[in-house]
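Here is the structure we will look at, set down as structure tokens.
There are 2 protein chains.
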Amino acid sequence: MTRPPPNPELLSLNTATVREKWSLREAVEGCARHGIHAISPWRDKVAQMGAKEAAKAIRDHGLTVSGLYGAGMFPGSDRKARQAAIDDTRRAIDEAATLEARCLALVAGGLPGGSKDLAGTREMVRDGIGEVLDQARAAGVPLAIEPLHPMYCAGRGCVDTLAQALDLCEELDRSGTGLGVAVDAYHVWWDPLLQAQIERAGDRRLLAFQICDWLATTRDMLADRGMMGDGVIDLPLVRSWLEEAGYRGFHEVEILSAGNWWRRDPEEVLATCRVRHQTAC
Amino acid sequence: MTRPPPNPELLSLNTATVREKWSLREAVEGCARHGIHAISPWRDKVAQMGAKEAAKAIRDHGLTVSGLYGAGMFPGSDRKARQAAIDDTRRAIDEAATLEARCLALVAGGLPGGSKDLAGTREMVRDGIGEVLDQARAAGVPLAIEPLHPMYCAGRGCVDTLAQALDLCEELDRSGTGLGVAVDAYHVWWDPLLQAQIERAGDRRLLAFQICDWLATTRDMLADRGMMGDGVIDLPLVRSWLEEAGYRGFHEVEILSAGNWWRRDPEEVLATCRVRHQTAC
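As given, the protein sequences belong to chains X and Y, one line each in that order. Using numbering that gives the first Met the number 0, the letters of the first sequence correspond one by one to residues 0 to 280. Using numbering that gives the first Met the number 0, the letters of the second sequence correspond one by one to residues 0 to 280.
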């Protein structure tokens, strides 16, 4: 089924896509040159120039910050490690507020070293989000729980499905003010419940939408992601589900690709993103 | 929480664990030497000696065939390819009957080359199982749908969760005669619904239980699986859920490990399996 292409104004560049070649400032300038109106930085890139300076550069170029990434890894081996993760997420909320980010994404974190206690680890995530939610509400920064692909469950993200993320939202934020989800097609495309859970989330909980593609030849578990159209995900279909649920936000291109896109000239990468957003999303 | 070790009589060797060094005959003899009372062969190993000869060797050594693996990849690009997959599964049912296997595992298969139609591919799986189910019932061979880890969705298995497999069971086999699931801890350990779905399956649908471990350092998506105890899966917990649901069948060790266990002397591998079954499962 052929679907109409998305609104090109909704394209957002996640800085991970060009992280090997460009600083945040270069990415901001690149977006402006290529007619990309939004950016979604990882925190390490923000840290290099400082949040205030980053906010100014982004504002000066007329960009929206669709989301801030790189926070929320709450599990820890002991109380001290868990408190440090909470404190780090509190700083991330401040950064997101400074950047006027539409949301702060929370990647839940994996099992603490040596642990096999998956249920207990998931409780640490729930408790961690609960700790910071009021601050996020006060700062006007919605928190977006990002379910990661189950292949990251051990090391990076023990929230693995959209259903699980939405269960957390309902447990911690029944009123629906301040907590939602980030839907990354790469992480959730395989899920038999995806359409139903996107519908369940609805506009209120759908805070971000990330795109790239799953390559049929995927070899590396972290950084072998594909440009939209080069893989097996029916991105127009997934987008249509989000739109039917009321989502009107940005489409953030996040491509971790050590062997291909990270090596290319970012000018080519951004030009390709713009084209593929129209032809494959 | 410390749980009592499992009954050592329930250990079964999946031939994939020693596939690089041993033929089926060698594996059968090895099991007998090591006091392992059951075996679960992949079909390629059976094909090398023929099903009748394999059945005789297995019987002569007093082993039970807990399951037969390597069938059920139903999706295909055209009608001819799909029919070939059904015909192949029909042959596998005959082989399983000859071997008196407790079940024939069905790995659903992934997207046909170039396809992005995941829903349509899943329909091919449903229809394929529906085509062969009566033959399996007549042959007395229960079919065990094996959900694979979502990282195999594109290329190997578009049935990715236990819930999805059980939905298929209920759609195709409401009476519960002939269709169930194979639970491989490696594929499903991350699933937030695992305990609930094992309980839902119950004794009638729980046809096989496979064990190995998910290494925290996993790099290769196919053949970097761990010996029980070397990874992050709480195998005693998962086993307890199966037992609470009424499962009394075998525990099949299936370790795909190109860099480690496949290189070792199978005598050491089997000895280690026996020990770890008692200490880490």
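Ideal placement from N, C-alpha and C gives every residue a C-beta, glycine not left out. Given the structure is predicted, the values throughout are model-derived calculations rather than measurements.
Fill in: Alpha-carbon to alpha-carbon, D190/Y and T160/Y
What you label residue 160/Y is simply residue 161 of the second sequence in a count that begins at 1. What you label residue 190/Y is simply residue 191 of the second sequence in a count that begins at 1. Going by the C-alpha atoms only, they are around 8 Å apart.
Worksheet item: Rounded to the nearest angstrom, how far is the Cβ of G109/Y from that of A153/Y, given a contact under 8 Å?
Response: Within the second sequence, residue 109/Y is the residue found at index 110, counting from 1. Within the second sequence, residue 153/Y is the residue found at index 154, counting from 1. Right, the Cβ-Cβ distance comes to about 5 Å (below 8 Å), so this counts as a contact.
Worksheet item: Using a beta-carbon distance cut-off of less than 7 Å, what residues from the region 151–184 of chain Y approach chain X?
Response: Per Cβ criterion, the list reads C152, A153, G154, D159, T160, Q163.
Worksheet entry | Whole alpha helix (DSSP H) elements within the region 75–138 of chain X, 4-residue minimum | Counting whole runs of 4 or more residues, the region 75–138 of chain X contains the alpha helix (DSSP H) stretches 78–97, 117–138.
Worksheet entry | Closer than 7 Å at the beta carbon, the chain X residues around V124/Y | As a first step, residue 124/Y must be located in the second sequence, where it is residue number 125. Within chain X, no C-beta atom comes less than 7 Å from the C-beta of V124/Y; the nearest is roughly 11 Å away.
Discussion item. Under 7 Å, Cβ to Cβ, is there at least one residue of chain B near A215/Y?
Written reply: Of the protein chains in the structure, X and Y, none is chain B.
Item to complete: Use the C-beta contact count for P4/Y: other C-beta atoms within 10 angstroms, 16 or more gives buried, fewer gives exposed.
Response: For the purposes of this step, residue 4/Y is identified with residue 5 of the second sequence, where counting begins at 1. Burial call: exposed.
Practice prompt. Give the C-beta separation of A104/X and A143/X to the nearest angstrom, bearing in mind that I take them to be a contact with Cβ-Cβ under 8 Å.
Written response: The residue labelled residue 104/X in the question sits at position 105 within the first sequence. The residue labelled residue 143/X in the question sits at position 144 within the first sequence. Indeed, because the Cβ distance is near 5 Å, the residues count as touching under 8 Å.
Worksheet item: So is R275/Y buried or exposed if we call it buried at 16+ other beta carbons inside 10 Å?
Response: What you label residue 275/Y is simply residue 276 of the second sequence in a count that begins at 1. R275/Y comes out buried.
Worksheet entry | Cut-off 7 Å between Cβ atoms - residues of its own chain near R2/Y, not counting five sequence neighbours on either side | Counting from one through the second sequence, the residue named residue 2/Y turns up at place 3. For R2/Y, where only same-chain residues beyond five positions count, the Cβ hits under 7 Å are P235, S239.
Worksheet item: Which bits of chain X does V231/Y rub up against, with CB to CB less than 7 Å?
Response: Taking the first residue of the second sequence as 1, we reach residue 231/Y at position 232. Per Cβ cutoff of 7 Å: L110, K115, A153.
Discussion item. Quick check on P265/Y - is its C-beta less than 7 Å from some C-beta in chain X?
Written reply: In the second sequence, counting from the first residue as 1, residue 265/Y sits at position 266. At a cut-off of 7 Å between beta-carbon atoms, P265/Y makes no contact with chain X.
Worksheet item: If the cut is a Cβ gap below 8 Å, which residues of chain X does W21/Y touch?
Response: Counting from 1 along the second sequence, the entry for residue 21/Y is found at position 22. In chain order: nothing, as chain X lies at least about 28 Å away.
Worksheet item: Is there a Cβ from chain Y that is less than 7 Å from the Cβ of P146/X?
Response: Numbered from its first residue, the first sequence carries residue 146/X at position 147. Taking CB atoms only, P146/X has no neighbour in chain Y less than 7 Å away.
Worksheet item: Since W189/X meets chain Y, which of its residues come closer than 7 Å, beta carbon to beta carbon?
Response: Along the first sequence, one-based indexing puts residue 189/X at 190. Identification of chain Y residues near W189/X by a Cβ-Cβ cut-off of 7 Å yields P149, C152, D159, ordered along the chain.
Worksheet item: Roughly how many angstroms lie between the CA atoms of R173/X and C157/X, to the nearest whole one?
Response: Indexing the first sequence from 1 puts residue 173/X at position 174. Indexing the first sequence from 1 puts residue 157/X at position 158. Taking the straight line joining both Cα atoms gives about 22 Å.
Practice prompt. Check the C-beta distance from L67/X over to A37/X and give it rounded, since I have them as a contact under 8 Å.
Written response: As a working mapping, residue 67/X is identified with position 68 in the first sequence. As a working mapping, residue 37/X is identified with position 38 in the first sequence. Here L67/X is actually not in contact with A37/X; their C-beta atoms are around 12 Å apart, not less than 8 Å.
Item to complete: Grab me the residues of V288/X's own chain with a C-beta within less than 6 Å of its C-beta, minus the 5 sequence neighbours each way, in chain order.
Response: Any question about residue 288/X goes unanswered here, given that chain X covers just 0 to 280.
Worksheet item: Where do the ends of the beta strand (DSSP E) carrying D219/Y lie?
Response: Looking up residue 219/Y in the second sequence gives position 220. Run containing D219/Y: none; DSSP gives neither H nor E here.
Worksheet item: Relative to the C-alpha of A257/Y, which residue among V231/Y, K20/Y, P7/Y is closest?
Response: For the purposes of this step, residue 257/Y is taken as residue 258 along the second sequence, with counting starting at 1. Distance check between A257/Y and each of V231/Y, K20/Y, P7/Y places K20/Y closest, using alpha-carbon atoms only.
Fill in: Span of the alpha helix (DSSP H) around G29/X
To locate residue 29/X, count along the first sequence from 1; it is residue 30. Here the alpha helix (DSSP H) through G29/X covers 23–32.
Worksheet item: Who are the neighbours of M220/X on chain Y, taking C-beta pairs under 8 Å?
Response: Reading the first sequence from its first residue, position 221 is the one you call residue 220/X. What M220/X touches in chain Y: M150, T217, R218, M220.
Worksheet item: Below 8 Å, can you find three or more Cβ-Cβ pairs linking the region 29–47 of chain X to the region 31–46 of chain Y?
Response: Judged by Cβ distances under 8 Å, the region 29–47 of chain X makes no contact with the region 31–46 of chain Y, as fewer than three pairs qualify.
Item to complete: Using beta-carbon positions only, say whether I210/X and V180/X come within less than 7 Å of one another.
Response: As a position in the first sequence, residue 210/X is number 211, starting the count at 1. As a position in the first sequence, residue 180/X is number 181, starting the count at 1. Their beta carbons are not under 7 Å apart, which means I210/X does not touch V180/X by this criterion.
Fill in: Extent of the continuous alpha helix (DSSP H) to which Y246/Y belongs
Locating residue 246/Y in the second sequence gives position 247, where the first residue counts as 1. Looking at the DSSP string, Y246/Y is not in any alpha helix (DSSP H), and its letter there is neither H nor E.
Practice prompt. Look up I144/X in the DSSP assignment and say whether it is helix, strand or coil.
Written response: Taking the first sequence and counting its residues from 1, one reaches residue 144/X at position 145. It is a strand residue.
Worksheet item: Do you know how far the Cα of T88/X is from the Cα of P111/X?
Response: Locating residue 111/X in the first sequence gives position 112, where the first residue counts as 1. Locating residue 88/X in the first sequence gives position 89, where the first residue counts as 1. Going by the C-alpha atoms only, they are around 17 Å apart.
Discussion item. If the criterion is Cβ atoms closer than 7 Å, does the pair G201/X and D212/X meet it?
Written reply: Taking the first sequence and counting its residues from 1, the one referred to as residue 201/X is at position 202. Taking the first sequence and counting its residues from 1, the one referred to as residue 212/X is at position 213. With respect to the 7 Å criterion, G201/X and D212/X are not classified as neighbours on the basis of their beta carbons.
Item to complete: Rank D229/Y, L241/Y, A279/Y, G139/Y by C-alpha distance to the C-alpha of W260/Y and give the top, closest one.
Response: By 1-based counting over the second sequence, the position of residue 260/Y is 261. Per the Cα distances, D229/Y.
Fill in: Residues that DSSP places opposite Q209/Y in a beta bridge
Indexing the second sequence from 1 puts residue 209/Y at position 210. Answer is D183/Y, E251/Y.
Worksheet item: Taking just the CA atoms, how far does C280/X sit from G177/X?
Response: Indexing the first sequence from 1 puts residue 177/X at position 178. Indexing the first sequence from 1 puts residue 280/X at position 281. A direct Cα-to-Cα measurement between G177/X and C280/X gives close to 28 Å.
Worksheet entry | Proximity to R58/X [Cα-Cα], best of M48/X, A70/X, E99/X | Here residue 58/X refers to the residue found at position 59 when the first sequence is read from its first residue. With distances taken between Cα atoms, R58/X lies closest to E99/X.
Fill in: Three-state secondary structure assigned by DSSP to G156/X
The sequence position of residue 156/X within the first sequence is 157, counting from 1. Here G156/X sits in strand by DSSP.
Worksheet item: Tell me, which residues are paired with L9/X by DSSP?
Response: The count along the first sequence starts at 1 and reaches residue 9/X at position 10. Residue pairing from DSSP leaves L9/X without any beta-bridge partner.
Worksheet entry | Pairwise C-alpha distance: R121/Y and R203/X | Position 204 of the first sequence, counting from 1, holds the residue named residue 203/X. Position 122 of the second sequence, counting from 1, holds the residue named residue 121/Y. When rounded, the distance between both Cα atoms is 31 Å.
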